[in-house]
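Scroll down for the structure; my scribbles are underneath it.
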Amino acid sequence: MDQTVFQVLTDTLSSDANMRMAAELQLKELQANPEYPISLSRLALARECIMSQRHSAAVLLKSYIDKQWSPKSPKFRGPEPPAEAFVVSKIAHLDWPDAWPNLLDALMHRLKSGSADEVHGSMRVLAEIISKDISHVQLPVIAPVLFPELLRILSSDQIYSHTTRSRCVSIFRSAVDMLHTIKEEHSEAVKAYLTPIFSQWNDVFMTVLNTRTTEVPEIEVAEWGLKTEIIKCINLSIQGFPKLTASYILPVLSAVWQDIVQLRLRYLRENVGCDAATGHTFQDSDGENIGFEALLFVQFEFIQSACRRKKLTSTAFVGQDGTSGIIQELVWNTLSYMQMTDAQAETWNSDPNQFIAGDEYDSSSFNVRIAAQEVLLTLVDHYEQQTINALGQAVNREMADSISQKANGNANWWKPQESSLLAVGILARYICDSINSGTPLSVDIGSLFDHAVLANLSAHDFPFLQGRSFVFSSQFALVLPSDLAPQYVSATVEAILGSPSAVVKVSALKALNNFNRYLDKIFIAAHQRSLLQGVAPMIGITTEETFSLIVRTLIATSKVDEQVTAEFENILGPLVLESWLKCPAENSMSADVMDLFDALAANPYMNPAFSARAMPVLVNMISPENPDKGMVAAAVDLIKSLIQGGPSPPPPGFVNLYFPRMMGLLLGTDDRDILQGGQECLKVVIQKNVHQVAEWCDETSGKTGLELLIQFIAKLLDPSQTESAALFVGDLISKLVTKGGGLIASVLPELLNAATVRLADAKLLSFIQPLVMVFAHLCLKQHETVINFLSGVNVHGRSGLNIVLTAWLANHADFQGLYHQKVSIVALTKVITSADPRVFEIQVRGDRIASESSRRITRSKAKNAPGQYATITVPDKIVKLLVTDLANKIEEDETRGEFDEEYGDDDDEEYSDSDEEDQGDKVKDTGNDKSAFPSNHKDVQGGVGYFDNEGDEDEESDPDVLTDPVYQMKTKEFLVDFFRDLRQSPSLVQCFRELNESEKKTLSNIFDN
1 MDQTVFQVLT
11 DTLSSDANMR
21 MAAELQLKEL
31 QANPEYPISL
41 SRLALARECI
51 MSQRHSAAVL
61 LKSYIDKQWS
71 PKSPKFRGPE
81 PPAEAFVVSK
91 IAHLDWPDAW
101 PNLLDALMHR
111 LKSGSADEVH
121 GSMRVLAEII
131 SKDISHVQLP
141 VIAPVLFPEL
151 LRILSSDQIY
161 SHTTRSRCVS
171 IFRSAVDMLH
181 TIKEEHSEAV
191 KAYLTPIFSQ
201 WNDVFMTVLN
211 TRTTEVPEIE
221 VAEWGLKTEI
231 IKCINLSIQG
241 FPKLTASYIL
251 PVLSAVWQDI
261 VQLRLRYLRE
271 NVGCDAATGH
281 TFQDSDGENI
291 GFEALLFVQF
301 EFIQSACRRK
311 KLTSTAFVGQ
321 DGTSGIIQEL
331 VWNTLSYMQM
341 TDAQAETWNS
351 DPNQFIAGDE
361 YDSSSFNVRI
371 AAQEVLLTLV
381 DHYEQQTINA
391 LGQAVNREMA
401 DSISQKANGN
411 ANWWKPQESS
421 LLAVGILARY
431 ICDSINSGTP
441 LSVDIGSLFD
451 HAVLANLSAH
461 DFPFLQGRSF
471 VFSSQFALVL
481 PSDLAPQYVS
491 ATVEAILGSP
501 SAVVKVSALK
511 ALNNFNRYLD
521 KIFIAAHQRS
531 LLQGVAPMIG
541 ITTEETFSLI
551 VRTLIATSKV
561 DEQVTAEFEN
571 ILGPLVLESW
581 LKCPAENSMS
591 ADVMDLFDAL
601 AANPYMNPAF
611 SARAMPVLVN
621 MISPENPDKG
631 MVAAAVDLIK
641 SLIQGGPSPP
651 PPGFVNLYFP
661 RMMGLLLGTD
671 DRDILQGGQE
681 CLKVVIQKNV
691 HQVAEWCDET
701 SGKTGLELLI
711 QFIAKLLDPS
721 QTESAALFVG
731 DLISKLVTKG
741 GGLIASVLPE
751 LLNAATVRLA
761 DAKLLSFIQP
771 LVMVFAHLCL
781 KQHETVINFL
791 SGVNVHGRSG
801 LNIVLTAWLA
811 NHADFQGLYH
821 QKVSIVALTK
831 VITSADPRVF
841 EIQVRGDRIA
851 SESSRRITRS
861 KAKNAPGQYA
871 TITVPDKIVK
881 LLVTDLANKI
891 EEDETRGEFD
901 EEYGDDDDEE
911 YSDSDEEDQG
921 DKVKDTGNDK
931 SAFPSNHKDV
941 QGGVGYFDNE
951 GDEDEESDPD
961 VLTDPVYQMK
971 TKEFLVDFFR
981 DLRQSPSLVQ
991 CFRELNESEK
1001 KTLSNIFDN
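Anchor point for the sequence shown: position 675 equals 675 in the UniProt record's numbering, and the numbering is continuous, going up by one each time.
Laid out in structure tokens, this is it:
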């Protein structure tokens, strides 16, 4: 809270009038927080603050006391601070129920017979207690007495204020949330305390939702606040208890839909139009502002929830025939709510950073415009053709309205047109797919380009419409006629370099990034030099979101023709280094600059000159005496980029530039980030040319580079080193084994012994996996040697073979990275086919033994929860794991292309957090790439899907991985052949008998086919 108040207070002193006004409005909102006056007091006394800030804090504190502390003050306006309830709830957190057993009785007494003020105060305390302190233990005591009383107050609209009734719903919602959290472990609580009363609450909810008071503004706004709380509760209930809420969704949808329709004109008049001053916003008795934007947020959220319950609500959205229902009018209304408000236009026009943050779909900002976009995206996910058809008709209406408003002299005529282009652009992927497949469309893209977009590109007096037209043209770059594409790219470049409007520049930069992504490089190549010359200097004069956008543009443009980019090393090199040195390591801008640095370092034509410029600066930065450890860690990462982007092998003497300083740093620090970055960097060094490292010699100590490298690995493997700091030591050892060959033959046993010792007590999967991979890689070519070696290692009475196999088999199923999974699978087949008795005699943990309780339990909880497990031999475990891998691959093939159908509709299925967790284990991404802005997300056609048989980017960039036959292996075919070939092996036949029914069925299917 202190930091928030400090920042807002600082903004009130800004010379920017818009920032100052926004900060003053935010201060009014902060006054409702009980900690607000405390923060002001601390800031007024803080000696580290400048005098103007301290003085401002003191003045605001005085004003707060005069106006809100006590009715005895002649300047009192109210409301009184909710500090009393806040204090009581804090005490209750510590003392209730043990040391304050009668607290609940006292609160309930005031709820039943107290004055309105006493009821309100009691509600505040209960709200704090229910949301933070109640558990399933107290629930049987609280629920039977509290829920009926809350329902009574909610129903008594003639006695209690809307604010008090809203508090009832808020408390009930907290209880529903708690029941959702515990329902898996205590399902009886839901049946006992929620199911019997939910219909009564819902009846009262419906009465409120169907009430619309328009004559008295104060009452109308208060109703909005109450409705907001009710729909929040309904949304939470739908998420947590789908079956329980199934019969209520359609009535609620009807009430919500009526509100959305009714509020549309008001929103256009008061927010979008010029009459915002007539809008009514009030403070409730807690000092919180309430208005219909908050109501719209939760209503739009409900619409999305209802849309996802397709079996229940499809008739409401699209009718029995699939063409009627509310979807037509809903899409049209959505476009109205997507229109830019006057306040947004004013703010965004003066601050391009806020324009980017507030207008980006995936930004941290949230407003009605973005909420409406989410509704449209949800509709198209579930009713694609109907949504697109409805959008075509809605756009025609909005375009006609725009023309009419313009003819009538309305200054906001451009807003319906801008929101229409925004909406169509959001669905660009869907529309482009339909165009490419020849599917008839109601959205006439050609007409939009001919009659709106092309003309708008020169609409200099309407920068938001002009900018939207640039973005729109780029979103449909995939279907632009080849003779028109150069025209739009040219206009975009001219806007970037010449437009006086920051809004237009920002929009054109977004458009250029899309063109870079979707069009052939030839369309951008003609402008590459002018773009690099014109855009690069913008880095020095921009901040935050604008800076990030410019950096992304430079990265994309620099990749068009790398030889052309290399011509600008004398501009880009100094610029990126200067920008990086200015940015603190934890700043997001620093990450953007490092991305640009990586792109330049990866340019083979630019790398030599860029490396010669940057390496001395970075080497100087990695001094052990440098107190800025974040910058040191970043410098290590950038050195890695220079080495990685350079030639293989590096030029003679190149290792001398950085290796001595790098090893001095790594051997002398315990900083986790530096050590992690160092491991990654040294892995690249070894990849490029390990012989240069071996030949280098430290003049002071006489040690070779290889000896220092082994010393560093030994440091990481020492039990005193944290696992997180040594996270990539396994990868480093594997790379050294692969590239070092005979160079490390004499020290390899020592390294493997140390790795085994670390595995014995390792906890983190991310640390265990790379260490196991060391042995897995060795097993691919010499598994017998590995087994012999590990059998001779003894760690506290356990053989090394036992330690490695136990860790390996316990974590194999969770290994990350397609390549590593394949290596593990192949290596395990080598281990089991060795038929070594030392392997067969090791016992490991098998399947969980089912308890008498048949309640559901997630895999993550099963893994962490105490329980009994069967004990099986290593071969039995290996076969189980490999059969599971095979079953997963078979299932992936069977479900390929059925993803949307299986996970796109939860319908009537009861689910919980645990169910979602299980689904998350099975499917990595339940989103639909089509619903994303092309300007913000990876191209669907060029992206990597869950079912694509490709590795991640890091693996694909490693030449050793790319050339490894294991990487190219088809896992399912390999496992099918493995089991068929060894079907009659006596040792494996015994393992087959230990399989459960599901596992046996998997093998039976492949044996029978």
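Every residue gets a Cβ at the ideal spot worked out from N, C-alpha and C, and that includes glycine.
- Here DSSP, grouped into helix, strand and coil, assigns Ile-159 to coil.
- Beta-carbon to beta-carbon, Ile-249 and Leu-312 are separated by about 6 Å, close enough to satisfy the 8 Å threshold.
- Contact annotation: Asp-670 and Ala-633 have beta-carbon atoms that are not nearer than 8 Å.
- Residue state for Ala-835 is assigned as coil, using DSSP reduced to three classes.
- Ranked by Cα distance from Pro-148, the first of Leu-194, Trp-348, Ile-849 is Leu-194.
- The criterion of a C-beta distance shorter than 8 Å is not satisfied by Leu-962 and Leu-882.
- Per the Cβ contact rule, the segment 376 to 390 is in contact with the segment 410 to 429 (3 or more Cβ pairs under 8 Å).
- Under DSSP, Gln-843 shares a beta bridge with Thr-873.
- Per DSSP, reduced to three states, the secondary structure at Cys-168 is helical.
- The three-state secondary structure of Ser-799, taken from DSSP, is strand.
- Selection Val-823, Lys-830, Glu-997 evaluated against Gln-968 yields Val-823 as nearest (Cα-Cα).
- In the structure shown, the three-state DSSP call for Cys-697 is strand.
- Within the segment 397 to 473, the runs of alpha helix (DSSP H) that reach at least 4 residues and sit entirely inside it are, in chain order, 414 to 426, 428 to 437, 445 to 448.
- The continuous alpha helix (DSSP H) containing Tyr-488 extends over residues 485 to 498.
- Going by beta carbons, Leu-748 and Val-757 fall outside the 8 Å limit.
- The Cβ atoms of Ile-171 and Ala-116 lie no closer than 8 Å to each other.
- In this structure, Gln-769 places its C-beta atom within 8 Å of the C-beta atom of Gln-816.
- DSSP places Thr-245 within a helical segment (H, G or I) once states are collapsed to three.
- The criterion of a C-beta distance shorter than 8 Å is not satisfied by Ser-41 and Leu-60.
- Under the three-state reduction of DSSP, Thr-542 is assigned to coil, being neither helix nor strand.
- A distance below 6 Å between beta-carbons, with the five flanking residues on each side excluded, links Ala-106 to no residue of its chain.
- Arg-152 carries a helical assignment under DSSP once its states are collapsed to helix, strand and coil.
- The C-beta separation of Val-685 from Ile-643 comes to about 6 Å, placing the pair in contact by the 8 Å criterion.
- Residue state for Asn-794 is assigned as strand, using DSSP reduced to three classes.
- No Cβ-Cβ contact shorter than 8 Å links Val-593 with Val-619.
- Pairwise C-beta distances place the segment 497 to 512 in contact with the segment 464 to 477, as three or more of them are shorter than 8 Å.
- Cα atoms of Lys-735 and Gln-687: separation of roughly 7 Å, rounded to the nearest angstrom.
- Exclusion of the five residues before and after Arg-173 leaves Glu-229, Lys-232, Cys-233, Leu-236 as the residues of its chain whose Cβ lies within less than 8 Å of its Cβ.
- A direct Cα-Cα distance of roughly 52 Å separates Ile-435 from Ala-726.
- Closest by C-alpha distance to Asn-514, out of Asp-401, Gln-385, Phe-476, is Phe-476.
- In this structure, Gln-386 lies away from Ser-402, with their beta-carbon atoms at least 8 Å apart.
- Counting the other CB atoms within 10 Å of its CB gives Ser-998 a total below 16, which places it among the exposed residues.
- Thr-704 sits in a strand when the DSSP states are folded into three classes.
- The continuous alpha helix (DSSP H) containing Lys-739 extends over residues 729 to 740.
- Take the alpha-carbon of Val-826 and the one of Ile-787: they are about 15 Å apart.
- Under the three-state reduction of DSSP, Arg-848 is assigned to strand.
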